[in-house]
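J.: Quick one: structure below, then a few questions.
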Amino acid sequence: MYWKVCLMKISSFFRFGSVIGLIAPLLAGCSTLLERPEEVVTYRLSAPIESLSKMGAPTLDDALRIYTVVAASGFDTARMAYSRQPQELVYYTRSRWVAPPAELLFDVFKQSFDAFDGFRTVVGPDSRLSARWGMRVELNELTHQFIQGGSVARLEIVVSLIEVPERTVVKTLTIRTSEPVTTSNARGFAQAADRAVHRAILEAVPFVYNEVARIVKESDVKVSPARE
Numbered sequence: 003m004y005w006k007v008c009l010m011k012i013s014s015f016f017r018f019g020s021v022i023g024l025i026a027p028l029l030a031g032c033s034t035l036l037e038r039p040e041e042v043v044t045y046r047l048s049a050p051i052e053s054l055s056k057m058g059a060p061t062l063d064d065a066l067r068i069y070t071v072v073a074a075s076g077f078d079t080a081r082m083a084y085s086r087q088p089q090e091l092v093y094y095t096r097s098r099w100v101a102p103p104a105e106l107l108f109d110v111f112k113q114s115f116d117a118f119d120g121f122r123t124v125v126g127p128d129s130r131l132s133a134r135w136g137m138r139v140e141l142n143e144l145t146h147q148f149i150q151g152g153s154v155a156r157l158e159i160v161v162s163l164i165e166v167p168e169r170t171v172v173k174t175l176t177i178r179t180s181e182p183v184t185t186s187n188a189r190g191f192a193q194a195a196d197r198a199v200h201r202a203i204l205e206a207v208p209f210v211y212n213e214v215a216r217i218v219k220e221s222d223v224k225v226s227p228a229r230e
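Structure (structure tokens):
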């Protein structure tokens, strides 16, 4: 009799254990689904290649060095910033740039000057090739600004032309631009920011080129009488 009772208890134990064995993986799967982080969407910035390639400026026999873009505090991260109030800076949680905007802008400027074809060569900060001219860019703002009735993408950069041998700043240009955001979310901001970057590039590239061309022309005029 005793052994029959033991067998019944053991049988009940294994049946209960089987149910637990079936439920446990299901609970684990549900837990995994609940804890799985939401996918992060990334965006990049582009260069207005087609517009620049159509400008058709004569190529100068000079090299241009593009230095690393320096970002202001708050914009030295791949996080996408937005603001609803003055002096406020908040970041989207599920949307990011593919890299910090300063790195993206460096690539955009390099691609833009290559497409513009106004200099004999365009090199980066680490290139061993010598260059008489240099360009520094400071990124002061790239923000999704919410305003009454909508929102805009705001961009501010400072472009400095440098004469490398003398280490002197020849001229500086501050570019502030904004583009309306059609959909007030990160995707709409990224699209508007790209348009703002295009506008800034189309102003910055001719600025650098024209200043160099002017200085080169003035130098040629000054030395030409001595050659006669």
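If you read the sequence shown in our numbering, its first letter stands for residue 3, the second for the next number, and so on.
Virtual Cβ for every residue (Gly too), placed ideally from N, Cα, C.
The structure presented is a predicted model; accordingly, all values stated were derived computationally and were not measured.
Which residue wins for smallest C-alpha separation from T79, given the options S114, V154, I68, T145?
T.: With distances taken between Cα atoms, T79 lies closest to T145.
J.: Who are K173's beta bridge partners in DSSP?
T.: Its beta-bridge partners are L163.
J.: Using alpha carbons as the reference points, say which of K173, D63, E41 lies closest to K219.
T.: Residue D63 is the option with its Cα nearest to K219.
J.: Can you check which of these residues, A73, T174, L107, is closest to S162 by C-alpha distance?
T.: When each option's Cα is compared against that of S162, the closest is T174.
J.: Do V160 and L107 have their beta-carbon atoms positioned less than 8 Å apart in this structure?
T.: No, the Cβ-Cβ distance between L107 and V160 is not below 8 Å.
J.: In terms of residue numbering, what span does the alpha helix (DSSP H) encompassing V110 cover?
T.: Where V110 is concerned, the enclosing alpha helix (DSSP H) stretches over 103–118.
J.: Taking Cβ to Cβ, would you say S48 is nearer than 8 Å to D222?
T.: No; because the gap between Cβ atoms is not below 8 Å, this pair is not in contact.
J.: Assign R46 to one of two classes, buried (16 or more other C-beta atoms within 10 Å of its C-beta) or exposed (fewer than that).
T.: Exposed.
J.: Can you tell which of L204, Y84, F148, Q147 has its C-alpha closest to the C-alpha of I51?
T.: Looking at the Cα atoms, L204 is the closest of the given residues.
J.: Report the option in K56, R86, A73, I68 whose CA atom is closest to the CA atom of D119.
T.: If we check each option's Cα against that of D119, K56 comes out closest.
J.: Taking the alpha carbon of P208 as the point to measure from, which residue in P103, Y93, F115 has its own alpha carbon closest?
T.: Looking at the Cα atoms, F115 is the closest of the given residues.
J.: Between Y69 and R138, which are expected to be in contact by the criterion C-beta below 8 Å, what is the C-beta distance as a whole number of angstroms?
T.: Right, their Cβ atoms sit about 5 Å apart.
J.: Quick one: measure Cβ to Cβ for A192 and E181, integer angstroms, because I've assumed they're closer than 8 Å.
T.: Their Cβ separation, rounded to whole angstroms, is 11 Å, which puts A192 and E181 out of contact at 8 Å.
J.: Less than 8 Å between the C-beta atoms of V125 and R169, yes or no?
T.: Against a cut-off of 8 Å, the Cβ pair of R169 and V125 comes out as no contact.
J.: Below 7 Å CB to CB, which residues in the same chain sit around G76 once its five sequence neighbours on both sides are set aside?
T.: Cβ neighbours of G76 beyond the five flanking positions: A83, L91.
J.: Under 8 Å Cβ to Cβ from S53, same chain only, skipping five residues before and after it: list those, please.
T.: Excluding sequence neighbours, S53 sits near H200, L204.
J.: In its own chain, which residues sit with a C-beta less than 6 Å from the C-beta of A194, not counting the 5 before and 5 after it?
T.: The answer, listed in chain order, is A155, E181, V183.
J.: Spatial neighbours of Y94 within its chain, please: C-beta separation below 6 Å, excluding the five flanking residues on both sides.
T.: If we look at Y94 and ignore the five residues flanking it on each side, its Cβ neighbours are M82, A188.
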